[in-house]
Amino acid sequence: MRLGRPLPRSFYDREVTVVARDLLGRVLVRRLRDGRRLAVRLVEVEAYAPDDPASHSYRGPTERNRTMFGPPGRLYVYFTYGMHHCLNVVTGPAGVGAAVLLRAGEPLEGLEAMAERRGTRDPRLLCSGPGRLAQAFGLTREHDGADLVRGPDVRLLEGEPVLDERVVATTRVGINHGTERPWRFLVAGDPFVSRGRPTGSRRS
DNA sequence: CGTTGGATTGGCT
DNA sequence: GCCAATCCAACGC
2 MRLGRPLPRS FYDREVTVVA RDLLGRVLVR RLRDGRRLAV RLVEVEAYAP
52 DDPASHSYRG PTERNRTMFG PPGRLYVYFT YGMHHCLNVV TGPAGVGAAV
102 LLRAGEPLEG LEAMAERRGT RDPRLLCSGP GRLAQAFGLT REHDGADLVR
152 GPDVRLLEGE PVLDERVVAT TRVGINHGTE RPWRFLVAGD PFVSRGRPTG
202 SRRS
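Residue numbers 2 to 205, in this note's numbering, belong to the letters of the first sequence in order.
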């Protein structure tokens, strides 16, 4: 399967909502030490901006979120709820705390390895949800700051962009502030979108 | 220093 | 639909 070249640094150096929408259809890959490759086609993401009360970067840099303030094209991994990791793509110029949360995707390669970590073989339960995606890929705080453009481990490939008519923007999931911003982007009707909220969400 | 609650998930009612 | 699990960053005193 042809997944294309790594997305260039310039891809990430744009406004965070533009990057978020453009991430749909792109492919996150990881090369495991045993040679196997994991690949997932992104179908659901959320944008988080520095002036955004819901964003980790809202109150400035800390030990936990400093990667968000670094150069674009890096992986920001955080730990939450005492048990889950979540993957984010850092955007914008260095010094600006913005990132895109990767919420769900369609597994393309390495489903066996993903199933081992997830404890299920159901393809729809492997990467459909931010915590699930991180677990399926085996990524933790150790991988925080990884370079998605040239890094040896995790990269983001071109894949195939999703057409506008297939993209839906809704409010974000699981937050108590800034909920009015329609910054959750997903592929309409795609079976691999997470449960968080139905595709045709009406709640405000 | 103690408390609170979170960009979630899975299991149970 | 509801809630416990389980850690730690943020915030208040």
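Virtual Cβ for every residue (Gly too), placed ideally from N, Cα, C.
Fair warning: this is a prediction, and the values are worked out from it, not measured in the lab.
Discussion item. Here's the rule I'm using: 16 or more other beta-carbon atoms within 10 Å means buried, otherwise exposed. How should TYR82 be labelled?
Written reply: Locating residue 82 in the first sequence gives position 81, where the first residue counts as 1. Only exposed fits TYR82, as fewer than 16 other CB atoms lie within 10 angstroms of its CB.
Worksheet item: Just how far apart, CA to CA, sit GLY139 and GLY197?
Response: Position 138 of the first sequence holds residue 139. Position 196 of the first sequence holds residue 197. Roughly 22 Å between the two C-alpha positions.
Practice prompt. Starting from the N-terminal side, write out each stretch of the beta strand (DSSP E) that is 3 residues or longer and does not extend beyond the stretch 29 to 114.
Written response: Taking 3 residues as the shortest admissible run, the stretch 29 to 114 contains the following complete beta strand (DSSP E) segments, listed from N- to C-terminal end: 38 to 49, 76 to 81, 85 to 91, 100 to 110.
Discussion item. I'd like to confirm the pairing. Which residues does DSSP put opposite ALA170 in its beta bridges?
Written reply: Taking the first residue of the first sequence as 1, we reach residue 170 at position 169. PHE186.
Practice prompt. Drop a sphere of 10 angstroms on the beta-carbon of PRO73, count the other beta-carbons inside from all chains shown, and report buried for 16 or more, exposed for fewer.
Written response: Position 72 of the first sequence, counted from the first residue, corresponds to residue 73. Buried: at least 16 other Cβ atoms inside 10 Å.
Item to complete: Going by CA-CA distance only, name the one from LEU164, LEU29, VAL163, SER56 that's closest to VAL97.
Response: As a working note, residue 97 is residue 96 in the first sequence. Of the listed residues, the one whose Cα sits closest to VAL97 is SER56.
Practice prompt. Taking TYR49 as the reference, give the member of ILE176, LEU127, GLU64 with the closest Cα.
Written response: Your numbering for residue 49 matches position 48 in the first sequence. Closest by C-alpha distance to TYR49, out of ILE176, LEU127, GLU64, is ILE176.
Practice prompt. Measuring alpha carbon to alpha carbon, tell me which of MET2, ASP148, ARG38, ALA105 ends up nearest PRO131.
Written response: Position 130 of the first sequence, counting from 1, holds the residue named residue 131. Among MET2, ASP148, ARG38, ALA105, the Cα nearest to that of PRO131 belongs to ALA105.
Item to complete: Return yes when at least one heavy atom of the ligand ADP lies under 7 Å from the C-beta of ALA116, else no.
Response: The ligand ADP is not among the ligands present in this structure, which contains no ligands whatsoever.
Discussion item. Using C-beta distances below 6 Å, list every residue in its chain close to ASP14, excluding the 5 sequence neighbours before and after it, in chain order.
Written reply: Residue numbering aside, residue 14 sits at position 13 when the first sequence is read from its first letter. For ASP14, where only same-chain residues beyond five positions count, the Cβ hits under 6 Å are PRO73.
Worksheet entry | Validate contact between the stretch 60 to 71 and the stretch 10 to 24 using beta carbons, cut 8 Å, 3 pairs | The stretch 60 to 71, when compared against the stretch 10 to 24, does not touch it at the 8 Å Cβ threshold.
Practice prompt. Compare the Cα-Cα distances from ARG142 to each of LEU88, MET2, GLU47 and report the closest residue.
Written response: Position 141 of the first sequence, counted from the first residue, corresponds to residue 142. Checked all of LEU88, MET2, GLU47; the closest Cα to ARG142 is LEU88.
Worksheet item: If we ignore side chains and look at the alpha-carbon of each, how far apart do ARG37 and PRO183 end up?
Response: Mapped onto the first sequence, residue 37 falls at position 36. Mapped onto the first sequence, residue 183 falls at position 182. Going by the C-alpha atoms only, they are around 37 Å apart.
Worksheet item: With distances taken between CB atoms, is the gap from PRO108 to VAL174 smaller than 8 Å?
Response: Stepping through the first sequence from its first residue, residue 108 is reached at position 107. Stepping through the first sequence from its first residue, residue 174 is reached at position 173. Taking 8 Å as the cut-off, the Cβ atoms of PRO108 and VAL174 do not count as close.
Worksheet item: Among LEU102, LEU126, ALA137, VAL91, which one has its Cα closest to the Cα of LEU33?
Response: Position 32 of the first sequence, counting from 1, holds the residue named residue 33. Looking at LEU102, LEU126, ALA137, VAL91, the one whose alpha-carbon comes closest to that of LEU33 is ALA137.
Worksheet item: Where does ARG122 sit, in a helix, a strand or coil, going by DSSP?
Response: Working through the first sequence from its first residue, we reach residue 122 at position 121. Shown here, ARG122 sits in coil according to DSSP, grouped into three states, outside any helix or strand.
Item to complete: Could you pull the start and end residues of the alpha helix (DSSP H) that ARG22 belongs to?
Response: In the first sequence, the residue the question calls residue 22 occupies position 21. Element bounds for ARG22: 17 to 24.
Practice prompt. Determine the direct distance from the alpha carbon of THR172 to that of GLU181, and round the result to whole angstroms.
Written response: Looking up residue 181 in the first sequence gives position 180. Looking up residue 172 in the first sequence gives position 171. Near 6 Å, if we compare the C-alpha coordinates of THR172 and GLU181.
Worksheet item: With distances taken from CA atoms, which of TYR59, ARG65, GLU166, PRO162 is nearest HIS86?
Response: By 1-based counting over the first sequence, the position of residue 86 is 85. Checking every option, the nearest Cα to that of HIS86 belongs to ARG65.
Item to complete: Would you list the one or two residues that DSSP bridges to ARG3?
Response: One-based indexing of the first sequence puts residue 3 at position 2. In the DSSP output, where bridge partners are listed per residue, ARG3 has none listed.
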